[in-house]
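Worksheet: one structure, shown below.
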Amino acid sequence: MFKKNKNILFCALDIGGRMELYSSYLKNKYPARKIKTFAKYKLNKKHYQTSYDYHFNYINQPAIVQYVISFFFFIYALTQFKVFYIISGENILTRKLLKLELRIYRSLNKTVVMHFVGGDIRNSERLIEKNRSLIDKSNDQSKSASQLDFQFKLCRLAEKYADHLVVVSPDLIRFFEREVSYIPVFIDIEKFKEELNKVNIEETNNHQRKVILHAPSNPVLKGSDYIGSILKELEQDGKVEAILTTDEKYRKFINPPYTVTKYELLKLYKLSDFVIDQILIGWYGMQSIESLLAGNNVICLVNQELLKYITLDCPIHLITEENQLKSKIEELVNVQAESLDLELVTKWVRKHHTIEENEEINQLFKTILN
Numbered sequence: 004m005f006k007k008n009k010n011i012l013f014c015a016l017d018i019g020g021r022m023e024l025y026s027s028y029l030k031n032k033y034p035a036r037k038i039k040t041f042a043k044y045k046l047n048k049k050h051y052q053t054s055y056d057y058h059f060n061y062i063n064q065p066a067i068v069q070y071v072i073s074f075f076f077f078i079y080a081l082t083q084f085k086v087f088y089i090i091s092g093e094n095i096l097t098r099k100l101l102k103l104e105l106r107i108y109r110s111l112n113k114t115v116v117m118h119f120v121g122g123d124i125r126n127s128e129r130l131i132e133k134n135r136s137l138i139d140k141s142n143d144q145s146k147s148a149s150q151l152d153f154q155f156k157l158c159r160l161a162e163k164y165a166d167h168l169v170v171v172s173p174d175l176i177r178f179f180e181r182e183v184s185y186i187p188v189f190i191d192i193e194k195f196k197e198e199l200n201k202v203n204i205e206e207t208n209n210h211q212r213k214v215i216l217h218a219p220s221n222p223v224l225k226g227s228d229y230i231g232s233i234l235k236e237l238e239q240d241g242k243v244e245a246i247l248t249t250d251e252k253y254r255k256f257i258n259p260p261y262t263v264t265k266y267e268l269l270k271l272y273k274l275s276d277f278v279i280d281q282i283l284i285g286w287y288g289m290q291s292i293e294s295l296l297a298g299n300n301v302i303c304l305v306n307q308e309l310l311k312y313i314t315l316d317c318p319i320h321l322i323t324e325e326n327q328l329k330s331k332i333e334e335l336v337n338v339q340a341e342s343l344d345l346e347l348v349t350k351w352v353r354k355h356h357t358i359e360e361n362e363e364i365n366q367l368f369k370t371i372l373n
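Just remember that the working numbering sits 3 ahead of the position in the sequence shown, which is counted from 1.
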């Protein structure tokens, strides 16, 4: 009944465009394989155009509708695919049935990859506490545990049933007791630059003051209140011009936690000189990579213990403590930081943040598909 080929299904939540990027790459590399994507949720096209082989967008449907659709698609998927690549622990069936689903995969000798991206297994409440402490100038108490109960259980299920574990940020490695592959964020350089070049901007940056952009995907998890207070303070001193997408005037066609659409963000990259990624999580993400390719100097906090994962040629301006942010901005503004060498930046991104060049993920694909 069940095919024994190496067809692969990416499911069921697309974070950072991984599904489309991974599947497109594999379709070219392994044309004989059946490689498909399934998403339970699809972003509004005004935010960003995404495409999947299967998507039902039933998140807001009644529970019974979700159960029925999930069940029949699950049965279909079992007959078609050997490898199930699960992102953020979002399985085909409901989360309550994750353990059952993983046990079925095991009993049918399926191969399972579980890929975690951050908030799925990192306790956001801890970051919220840290964000609050920066604003009221109190000490960071970090009362919350590093993981919530469901996140701890998710990691244990992954360890028990997944054939391969992947994390996108090195701070997530500590949540597992068995071997984990650290595989960074990837970007399609050519596609990004093509989309960036399509963006027309009516305003122009006259560069009388350096323009600094902070456009968080989720403000409370990126330290946006603190970052905004620093930028507004510097703006009042006449040193910089701040673009904070947390301000109401930038919110268009989109609901929280995102602050602007992806297309709006591309326009803001073009208007800016600097981009501040985050000061809470302690590692850089996709926005840092995109900003660099758009020609922006990037400032980001990286935890001291994670510096060993930073490459020597990394072009990001790093800080290791939140209170270093203001002095870092002033330093870069006062010394008139030179425009980025886009050729060198692109070379760095291609070497460290493209799927074609990453040995770890290509070895993983080779293992599960050959």
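Backbone N, C-alpha and C define an ideal beta-carbon position, used for all residues, glycine too.
Keep in mind it's a predicted model, so treat the numbers as computed, not measured.
CA-to-CA, the gap between E180 and K311 works out to about 20 Å. In summary, I78 is exposed, with fewer than 16 beta-carbon neighbours lying within 10 Å of its beta-carbon over all protein chains present. Note that the C-beta distance between Y55 and K48 is not below 8 Å.
Here H118 is bridged, per DSSP, to I90, V169.
For the options V116, A35, H118, S147, the alpha carbon positioned closest to that of N126 is the one of S147. By the CB criterion at 8 Å, G226 and L137 fall inside the cutoff.
Going by DSSP, N31 is part of the alpha helix (DSSP H) stretching over 21-32. The Cβ neighbour count for F277, taken over all protein chains shown within 10 Å, is at least 16; the residue is labelled buried. DSSP places A42 in the uninterrupted beta strand (DSSP E) bounded by 38-42. Shown here for T40: same chain residues with a beta carbon closer than 6 Å to its own, the five before and five after excluded, namely F13, M22, S26, Y55, D56 in chain order. When only Cα atoms are considered, V223 and I131 end up about 6 Å apart. With fewer than 16 other Cβ atoms inside 10 Å of its own Cβ, R177 counts as exposed.
Taken atom to atom, the span from the alpha-carbon of L199 to that of L269 is near 6 Å.
In the DSSP annotation of this structure, the continuous segment of the beta strand (DSSP E) that includes A245 starts and ends at 243-247. About 19 Å separates the Cβ atoms of L372 and R109, ruling out a contact at the 8 Å cut-off.
Listed in chain order, the beta strand (DSSP E) runs fully inside the segment 269-297 are 277-279, counting runs of at least 3 residues. In the structure shown, the three-state DSSP call for N306 is coil.
For K49, no alpha helix (DSSP H) segment is defined, and its DSSP state is neither H nor E. Burial check for L345: the Cβ neighbour count within 10 Å stays below 16, so the residue is exposed. L16 and E236 have their C-alpha atoms spaced approximately 39 Å apart.
Under the 10 Å beta carbon count, G92 is surrounded by 16 or more other beta carbons and is classified as buried. Secondary structure at N373: coil, using DSSP grouped into helix, strand and coil. The beta carbon of P173 sits closer than 6 Å to those of Y185, L309, Y312, all from its chain and outside the five residues before and after it, given in chain order.
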